[in-house]
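Q: Going by the numbering used here, the first residue of the sequence shown is number 1, and it counts up by one from there.
Ideal Cβ placement from N, Cα and C applies to all residues, glycine included.
Submitted below is the structure of interest, expressed as structure tokens.
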Amino acid sequence: MYDVPFRFNPFFPLNTMQLMRGVTVYLEQPEFQAYLTAVFNGIWAEKLNMKSPEVIAEVLSKAGIEYVYLLKVYKVEK
């Protein structure tokens, strides 16, 4: 109906705290929609392990978003 890709993720349930922090970083930024799209597609369309920092970094990089920036904002160890 809406042409939204969705496939159940075999890694579900997953801890999305780091991904939600990214939402707060980009909320008022031009990258916000790209971030949401990349994360949604990574979890539900591509069935990726989005709890893995390496996978998150790759997905965001493909969307033109710098993962290291998120780490710096939240002072998270990679």
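Relative to the alpha-carbon of ARG99, which residue among ASP3, LEU36, VAL55 and PRO5 has its alpha-carbon at the smallest distance?
A: For the chain, the structure presents residues 1 to 78; residue 99 sits outside this window and is missing.
Q: Between which two residues does the alpha helix (DSSP H) holding GLU80 run?
A: There is no way to answer for residue 80, as the model of the chain reaches only from 1 to 78.
Q: Which residues in the same chain as ASN9 place their Cβ atom closer than 7 Å to its Cβ, once the five residues preceding and following it in sequence are excluded?
A: If we look at ASN9 and ignore the five residues flanking it on each side, its Cβ neighbours are ILE43, TRP44 and LYS47.
Q: Here's a check: name, in chain order, each residue in its chain whose Cβ is nearer than 6 Å to the Cβ of TYR26, leaving out the five neighbours to either side.
A: PHE32 and TYR35, listed in sequence order.
Q: What does a CB cutoff of less than 6 Å around VAL39 pick up in its chain, not counting 5 residues either side in sequence?
A: For VAL39, where only same-chain residues beyond five positions count, the Cβ hits under 6 Å are LEU19.
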